[in-house]
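Mapped onto my numbering, the consecutive letters of the sequence shown carry residue numbers 30 to 289.
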Amino acid sequence: MPAPATSDSAAPARQTAVDKALVLLKSLAEEDGDIGVSELARRARLTKSTAFRLLGILQRNELVERVGSNYRLGTQLFEMGNRVYGPTPQLLQDRVQPYLADLYELTHETVHLAVLRGTEIVYVNRIQGHRVTRSPSRIGARLPAYCTGVGKALLAFDHDAAEAAVAAGLPARTEYTLTDPGRFHAALGHIRRDGIAYDRQEATLGLTCVAVPVLGPSGRPVAALSVAGSDHRFDPARHAPALRRVAHAASRAITTRPAA
């Protein structure tokens, strides 16, 4: 356990007020709930008074919210985050959200909407299933595309991104991760042929998912939908037909509905 800081001198010598505020925001982002100022100060290696002062500035700018004596990320930060990749993810979320809800109603499992950015995927939306499954797929989270169902569903139709992923290396995240370029390319070939991708504990032990691409007006994938569950009870093939139907309907909605 790191020792609590008693002065700002424990922080890097050239750390500015902006640096310190960003460390506080990152500490808040690591938590699902709210955190007290003493714990935030310890994590940021700041004095409690400095942390309290900076949190006040962040609160005035709606980057954090105060919940009693604790703090959490604010709504303004959420709005800014939605604009990181431009309007596309928000438009996708607006148009595909009803179909993500349909998919959840059909499966009652955890469902995701994700987009490809470089060689990573970004989770745009997620609905948690009734049975909690250990997963790194928080909204806004990024994961390497090569070891996720949604990522492989998108890489299979993006040659440049797939080659960039292989060139960067395919490190094993679990014992099931495809790390051999030949086997990885073969898997992408199967996905192109069948239109469906699987992640069998390749990103996280105990987590299995099935994913399909959502097609845009050009006929190329713009996002992917997935259904995920615990490996010991989840049969991805069982949910593949429903996933295909919902993804087809979502693709039609994106293709035929004019942009707002």
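Quick reminder that beta carbons are idealized off the backbone N, C-alpha and C, glycines included.
Note down the Cα distance separating Ser166 from Pro242, rounded to an integer number of angstroms. 17 Å
Distance between Phe213 and Glu68 (C-alpha atoms, nearest Å): CA-to-CA, the gap between Glu68 and Phe213 works out to about 43 Å.
Relative to the C-alpha of Thr237, which candidate in Thr177, Gly103, Gln44 has its C-alpha closest? Thr177
May I have the straight-line CA-CA distance separating Ser98 from Val140, to the nearest angstrom? Near 34 Å, if we compare the C-alpha coordinates of Val140 and Ser98.
Could you work out which residue in His277, Gly158, Gly218 is closest to Lys181 when comparing CA atoms only? Gly218
Run the CB neighbour count on Arg163, radius 10 Å, all protein chains shown included, and call it buried at 16 or more, exposed below. exposed
Give the DSSP-derived three-state secondary structure of Gly65 in the structure shown. strand
Using three-state DSSP, classify His214 as helix, strand or coil. In the structure shown, His214 adopts helical secondary structure according to DSSP, grouped into three states.
From Pro250 to Leu199, what distance separates their C-alpha atoms? 23 Å
Roughly how many whole angstroms lie between the Cα atoms of Arg43 and Thr79? 16 Å
Hey, out of Thr76, Phe186, Asn90, Gln105, whose CA is closest to Ser247's CA? Phe186
Span of the beta strand (DSSP E) around Asp228: 226-229
Classify Leu272 as helix, strand or coil using the three-state DSSP reduction. Three-state DSSP puts Leu272 in a helix.
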